[in-house]
Amino acid sequence: MNQMVADGGNLVMTGSEQEAIGIRVFDIISTTGDFGEEYPKVVEIFLQVTEDANTAYAADRGPLEATIADAAGMEVAPSNALLDAFSFPDRATQLSDAWLGGTVQQVMKDQMDFFVAQGEITEALDSYDAFVNTSFLQRVK
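What follows is the structure, given as structure tokens:
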């Protein structure tokens, strides 16, 4: 994104501006049902580590910036500029109605309805609730 803007492109809307008008843009941590059933503790530990890292980042990202940039193969300044475009919602926010408590499922439904209208798929399900399992995240502290 930063390179696009540096090359003369325009940022139309930030993520927070999109969210304010009801557009949801998000990354999903996913696994197969079989993996989750066979290794539930691994999933829980991964989500706990992610929550702990997000909490530390939200409290004071300064000490983490060099590590993040290095892991991404970037210099700190461009890495920070990229990070500024992201938000990392905490567990409670993720579990709220605004996200995994209903909105994500509705976004999935809306996307599938759009694909039906475009002729990309023949039909959409009535609900995508079954595809969002928050049980692992609910066990995170």
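In our numbering, each residue carries its 1-based index in the sequence shown increased by 1073. All C-beta atoms in this analysis are idealised placements derived from N, C-alpha and C, irrespective of residue type, glycine included. Note that this is a predicted model, so its numbers are computed, not measured.
Collapsed DSSP secondary structure at residue i in the structure displayed
i, result
"T1140", "helix"
"M1147", "coil"
"D1199", "coil"
"V1098", "coil"
"F1159", "coil"
"D1080", "coil"
"A1037", "Residue 1037 lies beyond the residue range present for the chain, which begins at 1074 and ends at 1214; the question has no answer from this structure."
"E1193", "coil"
Expected contact under 8 Å - CB spacing of residue i and residue j to nearest Å
i, j, result
"K1214", "Y1201", "At roughly 28 Å, the Cβ-Cβ gap does not stay under 8 Å, so K1214 and Y1201 are not in contact."
"T1207", "L1168", "6 Å"
"T1087", "A1158", "7 Å"
"V1116", "F1209", "5 Å"
The alpha helix (DSSP H) enclosing residue i, as first and last residue numbers
i, result
"K1114", "P1113 to A1132"
"A1093", "G1088 to A1093"
"Q1178", "T1176 to A1190"
"F1209", "S1208 to Q1211"
"A1165", "R1164 to L1168"
Among the options, nearest to residue i - alpha-carbon criterion
i, options, result
"A1131", "D1163, I1194, D1186 and E1117", "D1163"
"Q1179", "A1203, G1192 and I1194", "A1203"
"M1185", "V1177, L1198 and A1158", "L1198"
"Q1211", "L1084, F1119, E1090 and F1108", "F1119"
"T1176", "G1095, G1146, A1144 and F1108", "G1095"
"R1134", "E1148, M1147, G1146 and N1153", "N1153"
Pair every Cβ in the segment 1079-1099 with every Cβ in the segment 1163-1180, then say whether three or more of these pairs are closer than 8 Å. Contact between the segment 1079-1099 and the segment 1163-1180 is present, because at least three Cβ pairs lie under 8 Å.
Between the segment 1125-1139 and the segment 1101-1112, do three or more beta carbon pairs fall short of 8 Å? With a cut-off of 8 Å, the segment 1101-1112 and the segment 1125-1139 do not count as touching, because too few Cβ pairs lie within range.
For the segment 1114-1134 and the segment 1154-1168, state whether three or more C-beta atom pairs, one from each stretch, are separated by less than 8 Å. Verdict: yes, contact present.
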